[in-house]
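Trainee: Residue numbers (my numbering): 4 to 1155.
Glycine included, every Cβ here is placed at the ideal spot set by N, Cα and C.
Keep in mind that this is a model prediction, so the values were computed, not measured.
1) Suppose you measure from the CA of residue 188 to the CA of residue 182; what does that come to, to the nearest Å?
2) Buried or exposed for residue 51, going by 16 or more other Cβ atoms inside 10 Å?
3) Quick check: the Cα distance between residue 1017 and residue 59, rounded to an integer number of angstroms?
4) Just verifying my parser: in three-state terms, what is the DSSP assignment at residue 341?
5) Report yes if the C-beta distance between residue 355 and residue 375 is below 7 Å; otherwise report no.
6) Run through the stretch 454 to 492 for me and flag every whole beta strand (DSSP E) of 3 or more residues, listed as ranges in chain order.
7) Can residue 539 and residue 942 be called in contact, C-beta distance under 7 Å?
8) Just the C-alpha distance for residue 681 and residue 554, rounded to the nearest angstrom, thanks.
9) Helix, strand or coil for residue 192, going by three-state DSSP, please let me know.
10) Out of 951, 207 and 946, state which residue places its alpha-carbon closest to the alpha-carbon of residue 1009.
11) In three-state terms, what does DSSP make of residue 272?
12) Using the C-alpha atoms, what's the distance from residue 631 back to residue 64?
13) When you compare only the Cα positions, how much space is there between residue 1142 and residue 367?
14) Decide if residue 68 is buried, meaning its Cβ has at least 16 other Cβ atoms within 10 Å, or exposed.
15) Pull up the CB-CB distance for residue 271 and residue 245, whole angstroms please, since I reckon it's below 8 Å.
16) How would you call residue 532, buried or exposed, if buried means at least 16 neighbouring beta carbons within 10 angstroms?
17) State the Cα-Cα distance for the pair residue 617 and residue 660, rounded to the nearest angstrom.
18) If you reduce the DSSP assignment to three classes, tell me which class residue 806 lands in.
19) Start and end of the beta strand (DSSP E) containing residue 954?
20) Would you give the residue range spanned by the beta strand (DSSP E) that residue 654 belongs to?
21) Between residue 880 and residue 918, how many whole angstroms is the CB-CB distance? I'm expecting something under 8 Å.
22) Smallest Cα separation from residue 648: which of 623, 803 and 679?
23) For residue 224, list the residues DSSP reports as bridge partners.
24) Apart from the five residues on each side of it in sequence, which residues of its chain come closer than 8 Å, Cβ to Cβ, to residue 517?
25) On the DSSP bridge list, what partners appear for residue 59?
26) Less than 7 Å separating the beta-carbons of residue 324 and residue 331?
27) Would you mind sorting residue 308 into buried or exposed? The rule is 16 or more other CB atoms within 10 Å of its CB.
28) Under 8 Å: do the stretch 672 to 681 and the stretch 856 to 865 share three or more Cβ pairs, one atom per stretch?
29) CB-CB under 8 Å to residue 219, same chain, minus the five flanking residues each way: which ones, in chain order?
30) If I measure Cβ to Cβ from residue 588 and keep anything under 7 Å in the same chain, skipping five residues before and after, which residues do I get?
31) If contact is defined by three or more beta carbon pairs under 8 Å, each pair taking one atom from either stretch, is the stretch 439 to 458 in contact with the stretch 413 to 429?
32) Note down the Cα distance separating residue 1125 from residue 1134, rounded to an integer number of angstroms.
33) How long is the line joining the alpha carbons of residue 490 and residue 605, rounded to whole angstroms?
34) Report the option in 798, 824 and 835 whose CA atom is closest to the CA atom of residue 807.
35) Exposed or buried, residue 1031, counting other C-beta atoms within 10 Å across all chains shown (16 or more means buried)?
36) Using the C-alpha atoms, what's the distance from residue 541 back to residue 3?
Given below as structure tokens:
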């Protein structure tokens, strides 16, 4: 039980404010005054350290930089490997699992143990791993590290425990996948080729056993050499020397012929009866030239040769186009009989695999779909229809359709919002998909018992907004909104900044603000614009109101040197006119004299708006005397007040979106009035103001780390500053003065703020491109000297929040207030007088009167939160949603319905006030309002700084969640600010994660783990405990289909596949042991060996016993199933035998 008592201003009851090293926490306007001392406040804190634990829940989106693909035809699950060592395993919607190799080495190849619940991965560090998929979180059972050879190709025959591994030296090794031990049986390259051959055949690029005889292994070498190796006799049956390099080989199911793809764009067909030369060579995309020769073509990287019962076979391959067709997109070619279909892809093809009805290679394959893995997409083509339509992808693979630039996460939304958004978004879905069910249908998933509506919002570089249903750790797109439709497209002849902006996507989304209850939505764009949307189920023909705000500094103020690390704040004495500026012509205006014009032009005509979110108001900041508007750094809206507030490094503007007017437009210094805590020395305006059009609003250069500017060419490295510079970051982290030049450089980089140096006559911009090579580390310089940039940067408004609060110390009742936080660590309160009557609200102006109240913290202010007298979270008031475009009902007129959350419920306790939680990048404080007494102070970090902070609800209580630049996630109790959790979650953080990390209620958070993937995590122990229930099952016990009986005659004439005992050849008894120096066995954490290494004593014995019991129960279950099948088969056989006996009982011998 925590007890607080109000005291005199500037003093604390729990810990002195001076502990934070900051100035007095009371009013800076004058001398402290005595606050009335009310009755005792009792706050019972229920959260403990045991309530928190960090773990990853699920990863959404397209696997970044994919490298490998595999499919289990019986379990119907799919695996995708990536360059960073990740493996995504996908089944039916809801079955989505992410695994990560600890080494981080790229995945070269994946092989399922078909219908065994296991997966083999081969990585670029020449290590093989065996994954156990019979658990919801797959784990590595075994690993095998090759020491002297590099792995190039792997092949695992169906229902075999022996894995063939080809290497760069041309050798083929054999691994037992049960024990992950190397066999002594090795096929050396010099034995595979003829002794007379003088050249090395190159790396092994293909391995496969003959469908006709499992004792024959086909080995393909890169140089064009093909060897059929007899495993029993340990010699080559035949050798083929072809003059073109081989990329892939595919068998006909009868095992009498195979097809090869080559580097010259040709396909060669070989018959085993005559291997002297191919019986057919085709150039599918090569035309005959005048001299009779085929034109040169690009390599065919892979070919699949699949047969059908009732039609011609399919030949499917990637590549092979002629070189003269420059600029053509990557293609997948489907040859079915004489028909050739070329499917053009939007991205390069990484891998493809054909899905067939049977897992047996010696049966008619009957292909029904082809899975194509592209560099940035994933599609499945339906082969059963002549036009080859694609399946509608049920996975959220298009998160990165346009690069993600910001995210927002809302848990426990109103239950009706998801169905409404889905119904609107479903009307705009694409058509023409295959009508068949999604073929990747393996695994099982059921919605968990503890679920609540969750929505994720992503903002993108092209100005689009996507709403996602994130309920129960799934992700499904609900609705897409395009903000660019609000603006006119610049004409071709238009010059100036607008023409340049079009090339660099001026609509990129910087931040969003959403009120789920009122369904009011605000978007901040990179061109210093704010768009306000309202939701309607009906279409409307309306015009968009445009407000233009002149928020720019004309004079320069600097702070006199002091002990505090504070920066320049500039003021514009004439810039607070509340009237919107008239629109000015934009044609042929030189940048040097460009004034009072926005960066974009809003459509000024009546436009039709479909159902969904409809734009109502656009607020744009204006150019001033040839200087562009600074990008917006903070935003808040309140539907109950009908107000919208925006701030940047020049000041603050408040807009009444109901009356469509600007009610406040002031610089930060003017907000202080006489309460300004700093001494500022006015300097004369700059005399030589040069053009700034060459650096203003650099578009996506603030979001990309690639040197190329355009969206399509700079896509690949979106905000990815430190992915490939780990060692550089580690070096810098050792230095106490490494990282950014200023303690606010990171914050300004996050918000895209242009930083001006007033010591020079020109303007300097610190864009992300310039920092990429030297400032990827997030640790800040903490040296005693403050850089000139740190001293001469404008004071930015970093956070805003509307709330029912107390603007003055002597207030007895809460009133609507705007809390303003700045980059200097200052907090200002702006009380407002808002008419309560609906008619008066639409007609009477709102009175705004800054009081000069100032609270102080160390570092830029990031977040506000408000608690009531008992420590409960106070939500901001809001308006219930009403459809403004719905038909009028005379009996039920539409009125505003407001929901207000007062700090205290009764008039008796209203004078007790409330608690205000303020978090900056270095410090958190809890103030008692209205006395403004600082009750608690906690220094969050000294060596780093906080990137994101949120007051969130967890386990029926509230806490302060912080994410630091050094990767630490911290949880503090409220209101006492006791540390409950401090975990080094991400040792190295890059700009992408910094921009997209966000917390939400229920103990959840998310961030963009790669340019294409969203990673969701939980910091709640309760959710970690329930996570197993929420995840899908990858493995489902399924009976392996029986091989077809090919008949007596085919078997008699050698048509059936020949089987042999591989154990006799590859086992230790026959082949001996492999050299210990060749490969090293590493037990995995998911195996009994891993448990034995990780645990000891009774705990280890219990773990081993549990695993042994699980395995024994699994074997008993399989045995029971086999016994039942055998009994059923015996009964069927007895029945048929009895019928045959009765039929033949009275026949003579000559009648048979």
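Mentor: Reading off the structure:
1) Mapped onto the chain shown, residue 188 falls at position 185. Mapped onto the chain shown, residue 182 falls at position 179. Taking C-alpha positions only, residue 188 is separated from residue 182 by approximately 16 Å.
2) As a position in the chain shown, residue 51 is number 48, starting the count at 1. By the Cβ neighbour-count rule, residue 51 is exposed, with fewer than 16 other Cβ atoms within 10 Å of its own.
3) The residue given as residue 1017 occupies position 1014 in the chain shown. The residue given as residue 59 occupies position 56 in the chain shown. Rounded to whole angstroms, residue 1017 to residue 59 spans 11 Å at the Cα level.
4) By 1-based counting over the chain shown, the position of residue 341 is 338. Three-state DSSP puts residue 341 in coil, outside helix and strand.
5) Within the chain shown, residue 355 is the residue found at index 352, counting from 1. Within the chain shown, residue 375 is the residue found at index 372, counting from 1. Taking 7 Å as the Cβ cut-off, residue 355 and residue 375 qualify as a contacting pair.
6) 457 to 463, 467 to 472 and 479 to 485
7) On the chain shown, position 536 is the one that residue 539 refers to. On the chain shown, position 939 is the one that residue 942 refers to. Against a cut-off of 7 Å, the Cβ pair of residue 942 and residue 539 comes out as no contact.
8) Taking the first residue of the chain shown as position 1, residue 681 is located at position 678. Taking the first residue of the chain shown as position 1, residue 554 is located at position 551. One C-alpha to the other measures close to 22 Å.
9) On the chain shown, residue 192 is found 189 positions in, with the first residue counted as 1. Looking at residue 192 - three-state DSSP - the assignment turns out to be helix.
10) Counting from 1 along the chain shown, the entry for residue 1009 is found at position 1006. Checking every option, the nearest Cα to that of residue 1009 belongs to 951.
11) Against the chain shown, residue 272 aligns to sequence position 269. Reduced to three states, the DSSP call for residue 272 is strand.
12) What you label residue 64 is simply residue 61 of the chain shown in a count that begins at 1. What you label residue 631 is simply residue 628 of the chain shown in a count that begins at 1. Their Cα atoms are separated by approximately 36 Å.
13) Taking the chain shown and counting its residues from 1, one reaches residue 1142 at position 1139. Taking the chain shown and counting its residues from 1, one reaches residue 367 at position 364. Distance between the alpha carbons of residue 1142 and residue 367 is about 33 Å.
14) As a position in the chain shown, residue 68 is number 65, starting the count at 1. The residue is buried, with at least 16 neighbouring Cβ atoms inside 10 Å.
15) As a first step, residue 271 must be located in the chain shown, where it is residue number 268. As a first step, residue 245 must be located in the chain shown, where it is residue number 242. The Cβ separation is near 7 Å, so the contact holds.
16) As a working note, residue 532 is residue 529 in the chain shown. Per the 10 Å Cβ criterion, buried.
17) As a first step, residue 617 is located in the chain shown; it is residue number 614 there, counting from the start. As a first step, residue 660 is located in the chain shown; it is residue number 657 there, counting from the start. If you take the alpha carbons of residue 617 and residue 660, they lie about 14 Å apart.
18) Locating residue 806 in the chain shown gives position 803, where the first residue counts as 1. Residue state for residue 806 is assigned as strand, using DSSP reduced to three classes.
19) Locating residue 954 in the chain shown gives position 951, where the first residue counts as 1. Here the beta strand (DSSP E) through residue 954 covers 949 to 957.
20) One-based indexing of the chain shown puts residue 654 at position 651. It spans 654 to 659 - the beta strand (DSSP E) in which residue 654 sits, taken as one unbroken run.
21) Here residue 880 refers to the residue found at position 877 of the chain shown. Here residue 918 refers to the residue found at position 915 of the chain shown. Contact doesn't hold; Cβ gap of about 18 Å is too wide.
22) The sequence position of residue 648 within the chain shown is 645, counting from 1. Cα-wise, what sits closest to residue 648 is 803.
23) As a working note, residue 224 is residue 221 in the chain shown. According to DSSP, which records beta bridges pairwise, residue 224 is partnered with 207.
24) Here residue 517 is taken as the residue at index 514 of the chain shown, counted from 1. 411, 413, 460, 523, 524 and 525, listed in sequence order.
25) Along the chain shown, one-based indexing puts residue 59 at 56. Answer is 1020, bridged to residue 59.
26) By 1-based counting over the chain shown, the position of residue 324 is 321. By 1-based counting over the chain shown, the position of residue 331 is 328. Going by C-beta atoms, residue 324 is nearer than 7 Å to residue 331.
27) Counting from one through the chain shown, the residue named residue 308 turns up at place 305. Buried, by the Cβ-count rule.
28) yes
29) Numbered from its first residue, the chain shown carries residue 219 at position 216. So the list reads 212, 213, 231, 232, 233, 234 and 240, once near-sequence residues are dropped.
30) One-based indexing of the chain shown puts residue 588 at position 585. Any reading at residue 588 must be qualified, since the residue scores a pLDDT of 41, below 50, and its modelled position is unreliable; the value itself is stated next. Cβ neighbours of residue 588 beyond the five flanking positions: none.
31) Two segments are said to touch when three or more pairs of C-beta atoms, one from each, lie closer than 8 Å; by this definition the stretch 413 to 429 touches the stretch 439 to 458.
32) Stepping through the chain shown from its first residue, residue 1125 is reached at position 1122. Stepping through the chain shown from its first residue, residue 1134 is reached at position 1131. If you take the alpha carbons of residue 1125 and residue 1134, they lie about 14 Å apart.
33) As a working note, residue 490 is residue 487 in the chain shown. As a working note, residue 605 is residue 602 in the chain shown. Approximately 4 Å between the Cα atoms of the pair.
34) Working through the chain shown from its first residue, we reach residue 807 at position 804. For the residues 798, 824 and 835, the minimum Cα distance to residue 807 belongs to 835.
35) Counting from 1 along the chain shown, the entry for residue 1031 is found at position 1028. Per the 10 Å Cβ criterion, exposed.
36) The structure shown does not extend to residue 3, since the chain is modelled only from 4 to 1155, so the question has no answer here.
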